[in-house]
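Participant:
2 protein chains.
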Amino acid sequence: MEKVSISKATLGRIPRYLNFLKELSVDNVPYISATTISKELNLGEVQVRKDLAAVSGAGKPRLGYETEFLIEQLEDCLGYKQLTNAVLVGAGKLGRALLQYDGFEHFGVKIKAAFDSNDKVINFDSRTEILPISQFDTFCKENNICLGIITVGEGSAQDVCNQMVQSGIKAIWNFAPCKLQVPNGILLQNENLALSLAHLRNQLSRGQGSIV
Amino acid sequence: MEKVSISKATLGRIPRYLNFLKELSVDNVPYISATTISKELNLGEVQVRKDLAAVSGAGKPRLGYETEFLIEQLEDCLGYKQLTNAVLVGAGKLGRALLQYDGFEHFGVKIKAAFDSNDKVINFDSRTEILPISQFDTFCKENNICLGIITVGEGSAQDVCNQMVQSGIKAIWNFAPCKLQVPNGILLQNENLALSLAHLRNQLSRGQGSIV
Chain A
1158 MEKVSISKAT LGRIPRYLNF LKELSVDNVP YISATTISKE LNLGEVQVRK
1208 DLAAVSGAGK PRLGYETEFL IEQLEDCLGY KQLTNAVLVG AGKLGRALLQ
1258 YDGFEHFGVK IKAAFDSNDK VINFDSRTEI LPISQFDTFC KENNICLGII
1308 TVGEGSAQDV CNQMVQSGIK AIWNFAPCKL QVPNGILLQN ENLALSLAHL
1358 RNQLSRGQGS IV
Chain B
1158 MEKVSISKAT LGRIPRYLNF LKELSVDNVP YISATTISKE LNLGEVQVRK
1208 DLAAVSGAGK PRLGYETEFL IEQLEDCLGY KQLTNAVLVG AGKLGRALLQ
1258 YDGFEHFGVK IKAAFDSNDK VINFDSRTEI LPISQFDTFC KENNICLGII
1308 TVGEGSAQDV CNQMVQSGIK AIWNFAPCKL QVPNGILLQN ENLALSLAHL
1358 RNQLSRGQGS IV
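For the record, the sequence lines run as chains A and B. Residues in the first sequence are numbered from 1158 upward in steps of one, following our numbering. Residues in the second sequence are numbered from 1158 upward in steps of one, following our numbering.
(1) Go through its chain and collect everything with a Cβ distance to T1193/B's Cβ below 8 Å, but skip five positions before and after it.
(2) What span of residues does the beta strand (DSSP E) with I1290/B cover, start to end?
(3) Between R1170/A and chain B, is there a C-beta pair that is closer than 8 Å?
(4) Count the other CB atoms within 10 Å of the CB of A1328/A; is the residue buried (16 or more) or exposed (fewer)?
(5) Grouping DSSP H, G and I as helix and E and B as strand, with all else coil, what is A1271/A?
(6) Assuming contact is defined by CB atoms lying nearer than 8 Å, are K1250/B and Q1257/A in contact in what I supplied?
(7) Would you please verify whether the beta carbon of S1362/A is less than 8 Å from any beta carbon of chain B?
(8) Just to confirm, are A1355/B and L1235/A a CB contact at a threshold of 8 Å?
(9) Q1346/B lies in the alpha helix (DSSP H); which residues open and close that run?
(10) Beta carbon of I1290/A, beta carbon of F1264/A: below 8 Å?
(11) Output, in chain order, the set of chain B residues within a Cβ distance shorter than 8 Å of T1285/A.
(12) Of all the options A1333/A, G1260/A, P1340/A, A1270/A, which has the alpha carbon lying nearest to the alpha carbon of N1242/A?
(13) By alpha-carbon positions, which one of S1213/A, K1298/A, G1247/A ends up nearest to N1275/A?
(14) Taking only beta-carbon atoms, is V1205/A less than 8 Å away from chain B?
(15) Should the stretch 1306 to 1313 of chain B be called in touch with the stretch 1330 to 1342 of chain B, which here means at least 3 C-beta pairs below 8 Å?
(16) Is the shortest distance between the beta-carbon of A1254/B and the beta-carbons of chain A less than 8 Å?
(17) Using the C-alpha atoms, what's the distance from G1169/A back to D1233/A?
(18) Can you pull out the residues from the stretch 1218 to 1232 of chain A whose beta carbon lies closer than 9 Å to at least one beta carbon of chain B?
(19) Residues of chain A with CB under 9 Å from G1236/B, in chain order?
(20) DSSP puts L1304/B in a beta bridge; with which residues?
(21) On a CA-only basis, which of L1209/B, L1352/B, C1318/B, G1252/B is nearest S1162/B? Give me that one, please.
(22) Here's the rule: buried if 16 or more other CB atoms are within 10 angstroms of the residue's CB, otherwise exposed. What is F1262/B?
(23) Straight-line CA distance for I1302/A to I1287/B?
(24) Rounded to whole angstroms, how far is the Cβ of I1189/B from the Cβ of T1224/B, which I believe are closer than 8 Å?
(25) Would you tell me roughly how many angstroms separate the C-alpha atoms of V1186/B and L1352/A, rounded to the nearest one?
(26) Looking at the unbroken alpha helix (DSSP H) that takes in D1316/B, where does it start and where does it end?
(27) Starting from I1228/A, trace the alpha helix (DSSP H) both ways and give me its first and last residue.
(28) Considering only heavy atoms of the ligand FMN, does any lie closer than 7 Å to the CB of S1164/B?
(29) From what residue to what residue does the alpha helix (DSSP H) around L1175/B run?
(30) Tell me the DSSP secondary structure of V1278/A in three-state form.
(31) Closest Cβ-Cβ distance between L1350/A and chain B: below 8 Å?
(32) Restricting to Cα atoms, I'd like to know which of G1364/B, R1173/B, L1245/B is closest to V1205/B.
(33) Residues of chain B with CB closer than 9 Å to the CB of Q1257/A, please, in chain order.
(34) Take L1339/B and list the residues in its own chain whose beta-carbon comes closer than 7 Å to its own, dropping the five residues that flank it on each side.
(35) Out of R1284/A, E1229/A, G1201/A, Q1292/A, which one is the CA nearest neighbour of N1176/A?
(36) Using C-beta distances below 6 Å, list every residue in its chain close to T1285/A, excluding the 5 sequence neighbours before and after it, in chain order.
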């Protein structure tokens, strides 16, 4: 199957598909159609078709998807087979808040360690180890880290980003409110919280009472 | 002008438009075209046209936009004229991280106070006051609060949401990883950080080396 991009919205629905499919007995329901799933979950059929097509290609005509295989592919999307190892740089308030966050492992990401240049936060009370930044490169290479989270300030974000790329990291989730330069082939996702809030405020001031 | 929805991407470019326009002397450049702006800022012309149309409608044929009026409307989009008053409920790590965040006022939102049911965090070291939740309703009504940020856990998020609606809040930014029910006319924006990370991980595992 050709690997197509899976949208955030689709990813967000995958746990619901999985919960439903896992409650079925695969022996009794060897195949399942998008129509059945959409009815059971009260979702639009077109949406379910698109979601499943992105995850598992087209189903078999008149049969639908092989239930067991579909479960496997949905789990694969959420990284159940193999957790992706991540590190976080910048163990200030936002960084530590993310370290406390429960939800990441349910979506296939394990934050193995955090790093900071401030001695005061090294091994700060946290369930994830906080290490000095001097150990960053060695740690990443030894632990096969491919995803990095940047929660430092604007001033040092590009330096941290460069260090991540040099240490073999392939995907960067950036919370610093600035544009980062990355080489081709490195994934960069910016999380601009101020912009999210601005968007909500703007809709409010324009009197748009719809749900986002 | 009909008020149309302004996308997050457009909002994110507005500060660049404003910086550029404010450097011009309005006396010398009474009108400016989308073409000029796009060239100066090295942005696609179609994109600039769409952005300006969303903010300020169509420009005048052969003249473009009246510079001074355009600046005013762009500032209006970012809430420069009137800061929107917000409150935050749940002053745990994530909540306190958001209170520390610098960027919100640049986008027109002022977090006036935070609330928590845990006595230990009341007036915790923070530049924003952290008050007991018992004062929530009175505070919101007295301070004309119309935007609420939820950073409590999944278990109490719906209760907090209901309390916000009862206190006259019209827009809710929810960080709790659960679906909230709101009455018609209330704006709800969910911020699912785990899902953002999952999206990045998923692209990584599918080998899509493009920039998000």
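Here a beta-carbon is modelled for each residue, glycine too, at the ideal position from N, C-alpha and C. Predicted model, so just to flag it, every value in this text is computed and none were measured.
Facilitator: Looking at the atomic coordinates:
(1) G1221
(2) Counting along the chain, I1290/B falls outside any beta strand (DSSP E), and DSSP gives it neither H nor E.
(3) no
(4) Classification for A1328/A: buried.
(5) strand
(6) yes
(7) yes
(8) yes
(9) Looking at the DSSP string, Q1346/B is not in any alpha helix (DSSP H); the run it does join, the beta strand (DSSP E), is 1344 to 1347.
(10) no
(11) Those do not exist, as T1285/A stays about 13 Å from chain B at its closest Cβ, beyond 8 Å.
(12) A1270/A
(13) G1247/A
(14) no
(15) yes
(16) yes
(17) 14 Å
(18) none
(19) A1355, R1358, N1359, S1362
(20) A1243/B, A1328/B
(21) L1209/B
(22) It should be pointed out that residue 1262/B corresponds to Glu in this sequence rather than to Phe. A residue is called buried once 16 or more other Cβ atoms fall within 10 Å of its Cβ, and E1262/B, having fewer, is exposed.
(23) 38 Å
(24) 5 Å
(25) 30 Å
(26) 1311 to 1323
(27) 1224 to 1234
(28) This structure lacks the ligand FMN; in fact it carries no ligand of any kind.
(29) 1165 to 1180
(30) helix
(31) yes
(32) Relative to the Cα of V1205/B, the nearest Cα in the group G1364/B, R1173/B, L1245/B belongs to R1173/B.
(33) G1249, K1250, L1251
(34) Residue 1339/B is actually Val in this sequence, not Leu. Excluding residues within five positions, the ones whose Cβ falls inside 7 Å are C1318, V1322, I1329, L1345.
(35) E1229/A
(36) L1256, I1268, A1271
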